[in-house]
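Residue numbers (our numbering): 81 to 372.
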């Protein structure tokens with residue numbers, strides 16, 4: 081591939097040239113659309129927590145209370161300042177998008193009551209989309225992915241025993257993520273909603289959360305079953321699919337401003353994907369959640 085370039089230059093000129101000055105004549109076009117899309121992610125704790133995460137939430141939070149509904153209105157005011165053109169929520173795209181949008185259309189007409197719906201899909205997604213006169217909302221999550229790692233008998237598998245047998249237990253346990261999760265969980269019961277989400281969405285906090293995959297999960301079974309590394313890969317696979325959905329939904333011929341509303345554990349990985357893509361400009365949501 082470099083032959084045409086070399087034929088057009090003297091070898092001595094190439095050897096003496098500074099690396100920074102060498103231009104790759106085969107670089108593809110940087111951008112094929114008209115506009116790079118702005119994208120931001122609101123990292124959430126789930127208002128109606130399904131209890132699927134390793135840490136089980138212990139501190140109460142009632143988004144339907146009068147106090148929290150007032151705080152929710154303040155949050156919606158802040159998010160409205162971002163002026164999203166599309167709102168993407170953590171619902172399965174293939175199986176739920178049409179069902180979700182049927183409910184949204186009924187909500188716009190006053191035929192679907194969300195006053196008792198606790199999910200952030202309704203309390204934030206539907207309410208914000210209506211404020212902004214959006215004609216639809218976008219389910220952008222992926223289906224639960226099948227396990228593709230080593231076969232493990234869940235009835236007999238004991239993680240601590242397995243880690244100890246490989247000499248990995250002490251390294252695995254050196255960070256106390258449970259205490260970190262409990263501390264974050266406790267704050268949601270005392271801080272105003274917008275303030276808590278500002279804390280949750282600080283990049284430093286999201287990085288600490290993401291590091292758990294690299295200091296705990298990835299280690300399990302290294303040199304043997306690699307079940308931890310495969311579990312981490314499965315997590316990346318889901319986030320890559322979410323990114324692919326967002327990319328597919330984005331119209332690069334228009335000035336898009338995409339807002340994703342997802343569990344905070346997704347933020348760091350999705351943030352990395354959007355920041356690395358040449359088609360997106362990532363915007364930190366805390367720019368709008370700040371008290372200033």
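Heads up, the beta-carbon is just placed ideally off N, CA and C, and yes, glycines get one too. Since we're looking at a predicted model, the values are computed, not measured.
Let's see if you can read the secondary structure: which residues bound the alpha helix (DSSP H) around residue 343? Looking at the DSSP string, residue 343 is not in any alpha helix (DSSP H); the run it does join, the beta strand (DSSP E), is 337-343.
Using the beta-carbon count (16 or more within 10 Å), is residue 146 buried or exposed? When all chains shown are included, residue 146 counts as exposed.
Does the Cβ-Cβ distance between residue 166 and residue 338 come in under 7 Å? Residue 166 is a Cβ neighbour of residue 338, given a cutoff of 7 Å.
Touching or not, the stretch 340-355 and the stretch 246-258, by the rule of three or more beta carbon pairs under 8 Å? When C-beta atoms of the stretch 340-355 are compared with those of the stretch 246-258, fewer than three pairs fall below 8 Å, so the two segments do not count as touching.
Starting from residue 395, trace the beta strand (DSSP E) both ways and give me its first and last residue. Outside the shown range of the chain, which is 81 to 372, sits residue 395, and nothing can be said about it.
Output the residue ranges of the alpha helix (DSSP H) runs that lie fully inside the stretch 232-268 and measure 4 residues or longer, sorted by chain position. Complete alpha helix (DSSP H) runs here, min 4: 239-245, 249-252 and 257-267.
Given this structure, state the Cα-to-Cα distance separating residue 257 from residue 202, to the nearest angstrom. Using only the alpha carbons, I get a separation of about 30 Å.
Leaving out five residues before and five after residue 363 in sequence, what residues of the same chain have Cβ atoms less than 6 Å from its Cβ? These residues qualify, in order along the chain: 118 and 120.
Integer-rounded CB distance, given that residue 302 should sit under 8 Å from residue 168: Rounded, the Cβ-Cβ distance is 35 Å, inconsistent with contact.
In whole angstroms, what is the alpha-carbon distance linking residue 220 and residue 239? Between residue 220 and residue 239, the C-alpha separation is close to 33 Å.
By DSSP, does residue 117 sit in helix, in strand, or in coil? Under the three-state reduction of DSSP, residue 117 is assigned to strand.
Just how far apart, CA to CA, sit residue 425 and residue 104? An answer regarding residue 425 cannot be provided, because it is not within the stretch 81 to 372 covered by the chain.
Between which two residues does the alpha helix (DSSP H) carrying residue 331 extend? According to the DSSP assignment, residue 331 belongs to no alpha helix (DSSP H), since it is labelled neither H nor E.
Reduced DSSP category for residue 86 - H, G, I as helix; E, B as strand; rest coil: With a pLDDT of only 49 at residue 86, under the threshold of 50, the placement of this residue in the model should not be trusted, and no figure is reported.
Whose CA, out of 164, 292, 287 and 311, lies closest to the CA of residue 255? Ranking the options by Cα distance to residue 255, first place goes to 292.
Residue 271 versus residue 223: straight-line alpha-carbon distance, rounded: C-alpha separation (whole angstroms): 33 Å.
From residue 214 to residue 296, what does the alpha carbon distance come to, in whole angstroms? Straight through space, the alpha carbons of residue 296 and residue 214 are spaced by roughly 41 Å.
Alpha carbon to alpha carbon, how far is residue 185 from residue 161? Approximately 24 Å, taken between the alpha carbons.
Suppose the cutoff is 8 Å on Cβ atoms and the five residues either side in sequence are ignored; what does the same chain contact list for residue 199 look like? Same-chain partners within the cutoff: 126, 127 and 128.
Using beta-carbon positions only, say whether residue 265 and residue 139 come within less than 7 Å of one another. Taking a C-beta distance under 7 Å as the contact criterion, residue 265 and residue 139 qualify as a contact pair.
Cut-off 7 Å between Cβ atoms - residues of its own chain near residue 207, not counting five sequence neighbours on either side: A distance below 7 Å between beta-carbons, with the five flanking residues on each side excluded, links residue 207 to the following residues of its chain, in chain order: 156.
Is residue 329 closer than 7 Å to residue 218 when the C-beta atoms are compared? A contact, by the Cβ cut-off of 7 Å.
Helix, strand or coil at residue 281 according to DSSP, with G and I counted as helix: Coil, per DSSP.
In this structure, does DSSP put residue 363 in helix, strand or coil? Note: residue 363 maps to coil in three-state DSSP.
Taking 7 Å as the cut-off, decide whether the C-beta atoms of residue 305 and residue 158 are in contact. Between residue 305 and residue 158, the CB-CB gap reaches or exceeds 7 Å.
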